[in-house]
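Read the structure below first, then the notes.
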């Protein structure tokens, strides 16, 4: 119940009905795969809406209305793989080989596949966007469908980052004299592999990147951005409950000494669900993957609106 309230609070705080609906659709599918009744989910959430409305404040009435509208749409949604996070065709080829090896606890084989491909001339962006990223998406889908264990999910994610680190001598081989990028995960956001890929793709394009990862105090981000004279700060959130933290980080960055001329990009799953969300958190732009993020950053620095 607490998780429901956290998602409702986040959706209401950024005025995003579709973020709340997406969570409920995800939840309905999760219930389906775990063998629980969708009717039980509906009834419990309706009780929650009634309890919130009974509080009587303006915000509680607004939240109850959001939840009831989402529940009305939820009936029309299928259970199996209906969430955007878990939809799409199964992966094939190198991405499937990579994931299969790691699901079998075989880091060495997965590492050989990636390093061998790079040594054979495959570009690192292709490895990231066509092998590792699809594998991570499929990993999430398998967990969602209760087909893998939590320990497998954690192992694969950790192993993928270990393998990515083997590419770093190539990533940082050349001196980068381009604009400075500071890349972070929003406060409270534990998923950093996606933002790490984004930062690496900026690095390959000649940017001077400062990847801070997760759990960095928001104030420290502002200090570093000013110290290194960052042209762009990229902030990610994969979980909708962390979108308010993205908005708070944007406000702090804008208020910093260098905030007026700095561009801010945001990204992650919630920004793919709600296409206009980046505007409501005060950012300058968004992109669904690292390659497009580089293009968007270059466009913004060139004076694009």
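Residue numbers (UniProt numbering): 1 to 305.
Note that the Cβ used here is the ideal one computed from N, Cα and C, for glycine as well.
Once the 5 residues before and after residue i are set aside, which same chain residues still bring their CB inside 7 Å of it?
i           : result
residue 286 : 265, 266, 267, 271 and 278
residue 257 : 226
residue 238 : 189, 191, 194, 268 and 269
residue 77  : 25 and 28
residue 174 : none
residue 53  : 60, 61 and 64
Looking only at its chain, what residues have a beta carbon closer than 6 Å to the beta carbon of residue i, apart from the 5 residues adjacent to it on each side?
i           : result
residue 192 : 185, 213 and 214
residue 141 : 86
Got a sec, what are the start and stop residues for the beta strand (DSSP E) residue i sits in?
i           : result
residue 127 : Segment 124-127 is the alpha helix (DSSP H) holding residue 127; no beta strand (DSSP E) there.
residue 185 : 180-185
Nearest-angstrom Cα distance between residue i and residue j?
i           : j           : result
residue 151 : residue 102 : 12 Å
residue 24  : residue 177 : 46 Å
residue 291 : residue 131 : 14 Å
residue 39  : residue 118 : 50 Å
residue 107 : residue 95  : 14 Å
residue 183 : residue 16  : 25 Å
residue 260 : residue 282 : 13 Å
residue 110 : residue 161 : 12 Å
residue 11  : residue 241 : 8 Å
residue 153 : residue 146 : 11 Å
residue 100 : residue 129 : 17 Å
residue 89  : residue 34  : 21 Å
Once you ignore the five residues that flank residue i on each side, which residues in its own chain have a CB closer than 8 Å to its CB?
i           : result
residue 263 : 231, 232, 233, 284, 285, 297, 300 and 301
residue 172 : 203
residue 71  : 24, 42, 45, 46 and 49
Would you list the residues sitting across from residue i in a DSSP beta bridge?
i           : result
residue 109 : None; residue 109 has no bridge partner.
residue 264 : 233
residue 285 : 265
The alpha helix (DSSP H) with residue i in it runs from where to where?
i           : result
residue 294 : 290-301
residue 163 : 150-165
residue 137 : 133-144
4-residue-minimum alpha helix (DSSP H) runs that sit fully inside the segment 209-254, ordered along the chain: 218-227
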